[in-house]
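Peer 1:
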Amino acid sequence: MTERNISKGEMADPGMALLRMASGAWVTQAIYVAAKLALPDHLKSCPASCDELARRVNADPQALYRLMRSLVALGILQEVGEDRFAVTPLGEALTSDAPHSVRPLVMMLGEENFRAWGALLHSVRTGEPAFNHIFGQGVYDYLAHHAEAATTFNRAMTSWTRQTSRAVVAAYDFSPFEVIVDVGGGRGTLLAAILGANPHLKGILFDRQHVIDEARAFFQTMGLARRCEFVSGDFFQSVPTGGDVYVLSQVIHNWDDERSKIILENCHRAMSENGVLMLLEMVVSGDKGTAFANLFDLNMMVMTGGRERTEGEFRALLDRSGFALKRIIPSGPLMSIVEAVRK
Ligand SMILES: C[S@@+](CC[C@H](N)C(=O)[O-])C[C@H]1O[C@@H](n2cnc3c(N)ncnc32)[C@H](O)[C@@H]1O
Numbered sequence: 006m007t008e009r010n011i012s013k014g015e016m017a018d019p020g021m022a023l024l025r026m027a028s029g030a031w032v033t034q035a036i037y038v039a040a041k042l043a044l045p046d047h048l049k050s051c052p053a054s055c056d057e058l059a060r061r062v063n064a065d066p067q068a069l070y071r072l073m074r075s076l077v078a079l080g081i082l083q084e085v086g087e088d089r090f091a092v093t094p095l096g097e098a099l100t101s102d103a104p105h106s107v108r109p110l111v112m113m114l115g116e117e118n119f120r121a122w123g124a125l126l127h128s129v130r131t132g133e134p135a136f137n138h139i140f141g142q143g144v145y146d147y148l149a150h151h152a153e154a155a156t157t158f159n160r161a162m163t164s165w166t167r168q169t170s171r172a173v174v175a176a177y178d179f180s181p182f183e184v185i186v187d188v189g190g191g192r193g194t195l196l197a198a199i200l201g202a203n204p205h206l207k208g209i210l211f212d213r214q215h216v217i218d219e220a221r222a223f224f225q226t227m228g229l230a231r232r233c234e235f236v237s238g239d240f241f242q243s244v245p246t247g248g249d250v251y252v253l254s255q256v257i258h259n260w261d262d263e264r265s266k267i268i269l270e271n272c273h274r275a276m277s278e279n280g281v282l283m284l285l286e287m288v289v290s291g292d293k294g295t296a297f298a299n300l301f302d303l304n305m306m307v308m309t310g311g312r313e314r315t316e317g318e319f320r321a322l323l324d325r326s327g328f329a330l331k332r333i334i335p336s337g338p339l340m341s342i343v344e345a346v347r348k
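All residue numbers for the sequence shown refer to the working numbering, where the first residue is 6 and numbers rise by one.
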């Protein structure tokens, strides 16, 4: 793992320092329940007592008080008077309409993702995704049959990708292209941002049927539906032809190299000769990566059997799939555009 800085306090009491880390799952669930009950939403405009809040969110007042005391200790809520709770600036990021709201992501982390992480040991012993072990099927098949979980997942992806989209639009010149194909594009957050900023472009959004239905509705509300074609299918079989730029945002990290190669080869077959491939991914720096990148990599192992990759690993995978890595353009604090062309 990374050379994480060990503080003097941790050196003095390593057992306590480890216990704090090992009880991280408690923090995940405390924040998740706050998000699920929309506590920060309720407290945003007006502080409230615990009893008032318990009535509004249909919770047990004593139990809710104990949760809120922990949320105060974590800096998410604050007490602003005798039994009056308010949201802190940190907690505002958990409100639904905050500009960079992480509420959908926190909801995702507390539900199926949390249960899958509970079987990390299975993944480490077998190399298989813990998700499949717990839920009896792969995550994307599961989402196709569980509408509520799919909505939570698609909202989480929207919230994550919305922030990256701005950086991509600012960092990349789409003017040479005519048709952009977003493969595994989800609700189309990224594609909508690119079409919005490049009025000459047409888009093709490709994903599984249940996702495409949601995406179409989203594009209609954005006034972009007429510039976009919506295609459902399976990228392990084929992807739409006719694009000159193929974007795969956070798709390849879901799969091992063999599965990724199939998707990339299908893009290679579908794109025009001078076509460009853009992967939007976290590129792990150096050999070891940061703690966050390494834990994200474990998350992919647990959820889908995928992985986060270094520049060298992307180069090798692209090379085996008929592409040459051209350049890597950092786009936001965590993500990069990995640009490649046909060899
Ligand atoms: C991690 S999400 C990324 C979504 C979107 N590109 C973004 O960045 O927000 C992966 C996407 O791949 C889609 N996907 C998974 N398996 C697929 C398949 N076999 N064929 C087409 N799309 C698939 C999922 O439905 C999901 O929308």
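By construction, the Cβ of each residue, glycine as well, lies at the ideal position given by its N, Cα and C atoms.
1) Helix, strand or coil: which one does DSSP assign to Leu82?
2) Quick check on Thr7: does DSSP put it in helix, strand or coil?
3) Excluding five sequence neighbours on each side, which residues of the same chain lie with their C-beta closer than 7 Å to the C-beta of Ala298?
4) Can you tell me the Cα-Cα spacing of Val343 and Thr166, whole angstroms?
5) Once you ignore the five residues that flank Asn259 on each side, which residues in its own chain have a CB closer than 6 Å to its CB?
6) My guess is that Phe90 and Glu97 are in contact by the Cβ rule of under 8 Å, so how many angstroms apart are they, rounded?
7) Can you tell me whether Phe328 is helix, strand or coil according to DSSP?
8) So Ser341 is in the beta strand (DSSP E); what residue range does that whole segment cover?
9) Looking at C-alpha atoms only, which residue of Lys348, Leu339 and Ala296 is the closest neighbour of Ala329?
10) In three-state DSSP terms, what is Pro181?
11) Just checking, does the stretch 176-189 make contact with the stretch 209-221 on the three C-beta pairs under 8 Å criterion?
12) Considering Cα atoms alone, identify which of Phe223, His138, Lys266 and Arg274 is closest to Gly248.
13) At a cut-off of 8 Å, would you count Met113 as near ligand 3, judging by its Cβ distance to the nearest heavy atom?
14) Can you give me the Cβ contacts of Thr157 inside the same chain, cut-off strictly under 8 Å, excluding the 5 residues immediately before and after it?
15) Between which two residues does the beta strand (DSSP E) carrying Leu282 extend?
16) Relative to the C-alpha of Trp305, which residue among Ala64, Val252, Ala43 and Val129 is closest?
17) In three-state DSSP terms, what is Cys233?
18) Who are the Cβ neighbours of Glu8 in its own chain at under 7 Å, not counting the five residues just before and after it?
19) For the beta strand (DSSP E) that contains Ile209, what are its first and last residues?
20) Output the residue ranges of the beta strand (DSSP E) runs that lie fully inside the stretch 33-102 and measure 3 residues or longer, sorted by chain position.
21) Please give the ranges of any alpha helix (DSSP H) in the stretch 286-323, keeping only runs that are unbroken, at least 4 residues long and fully inside the region.
22) When DSSP builds the beta bridges, which residues end up paired with Asp218?
23) Where are the alpha helix (DSSP H) runs, 4 residues long or more, that stay fully inside the stretch 113-173, in chain order?
24) My output table needs one value for Val107: the three-state DSSP class, helix, strand or coil.
25) Just to confirm before moving on: does the CB-CB distance between Phe182 and Val256 stay below 9 Å?
26) Which partner residues does Ile333 have in the DSSP bridge list?
27) Anyone know if the C-beta pair for Gln225 and Asn271 falls short of 9 Å?
28) At what residues does the alpha helix (DSSP H) containing Ser254 begin and finish?
29) Whole angstroms is fine: what's the gap from Ser75's alpha carbon to Leu125's?
30) Counting only beta-carbon atoms, is Met16 nearer than 9 Å to chain B?
Peer 2: Taking the geometry as given:
1) Position 77 of the sequence shown, counted from the first residue, corresponds to residue 82. It is a strand residue.
2) Numbered from 1 along the sequence shown, position 2 holds the residue referred to as residue 7. Summary for Thr7: the model assigns pLDDT 42, below 50, so the residue's position carries little reliability, and this model does not support an answer.
3) As a first step, residue 298 is located in the sequence shown; it is residue number 293 there, counting from the start. Excluding sequence neighbours, Ala298 sits near Met287, Val289 and Glu313.
4) Residue numbering aside, residue 343 sits at position 338 when the sequence shown is read from its first letter. Residue numbering aside, residue 166 sits at position 161 when the sequence shown is read from its first letter. Approximately 16 Å, taken between the alpha carbons.
5) As a first step, residue 259 is located in the sequence shown; it is residue number 254 there, counting from the start. These residues qualify, in order along the chain: Thr309 and Gly311.
6) For the purposes of this step, residue 90 is identified with residue 85 of the sequence shown, where counting begins at 1. For the purposes of this step, residue 97 is identified with residue 92 of the sequence shown, where counting begins at 1. Not quite, the Cβ-Cβ distance comes to about 14 Å (not below 8 Å), so this is no contact.
7) Here residue 328 corresponds to residue number 323 of the sequence shown, with the count starting at 1. Phe328 falls in the strand class under three-state DSSP.
8) If you number the sequence shown from 1, residue 341 lands on position 336. Here the beta strand (DSSP E) through Ser341 covers Met340 to Arg347.
9) Sequence index remark: in the sequence shown, residue 329 carries index 324 (1-based). Measuring from the Cα of Ala329, the nearest candidate turns out to be Lys348.
10) On the sequence shown, residue 181 is found 176 positions in, with the first residue counted as 1. Here Pro181 sits in coil by DSSP.
11) yes
12) In the sequence shown, residue 248 corresponds to position 243, counting from 1. The candidate whose alpha carbon is nearest that of Gly248 is Arg274.
13) This structure simply doesn't include ligand 3; it includes ligand 1 instead.
14) To locate residue 157, count along the sequence shown from 1; it is residue 152. Around Thr157: Pro109, Met112, Met113 and Glu116.
15) As a position in the sequence shown, residue 282 is number 277, starting the count at 1. Residues Val281 to Glu286.
16) Residue 305 sits at position 300 when you count from the first residue of the sequence shown. Correcting the residue type first, residue 305 is Met in the shown sequence and not Trp. The residue with the shortest Cα to Cα distance from Met305 is Val129.
17) Within the sequence shown, residue 233 is the residue found at index 228, counting from 1. Correct three-state label for Cys233: strand.
18) As a first step, residue 8 is located in the sequence shown; it is residue number 3 there, counting from the start. Residue confidence for Glu8 is low, a pLDDT of 48 falling below 50, so the modelled location carries little weight and cannot support an answer.
19) Residue numbering aside, residue 209 sits at position 204 when the sequence shown is read from its first letter. Element bounds for Ile209: Lys207 to Asp212.
20) 82-86 and 89-92
21) 296-308
22) As a working mapping, residue 218 is identified with position 213 in the sequence shown. In DSSP, Asp218 forms no bridge with anything.
23) 117-122, 125-131, 135-140 and 144-150
24) Locating residue 107 in the sequence shown gives position 102, where the first residue counts as 1. Val107: coil per DSSP, three-state reduction.
25) Counted from its first residue, the sequence shown places residue 182 at position 177. Counted from its first residue, the sequence shown places residue 256 at position 251. Their beta carbons are not under 9 Å apart, which means Phe182 does not touch Val256 by this criterion.
26) Start at 1 with the first residue of the sequence shown, and residue 333 comes out as number 328. Paired residues: Val343.
27) Stepping through the sequence shown from its first residue, residue 225 is reached at position 220. Stepping through the sequence shown from its first residue, residue 271 is reached at position 266. Contact flag unset, no.
28) Here residue 254 is taken as the residue at index 249 of the sequence shown, counted from 1. Ser254 -> not in any alpha helix (DSSP H); beta strand (DSSP E) instead, spanning Val250 to Ser254.
29) Here residue 75 refers to the residue found at position 70 when the sequence shown is read from its first residue. Here residue 125 refers to the residue found at position 120 when the sequence shown is read from its first residue. Taking the straight line from one Cα to the other gives about 27 Å.
30) This model lacks chain B altogether; it includes just one protein chain.
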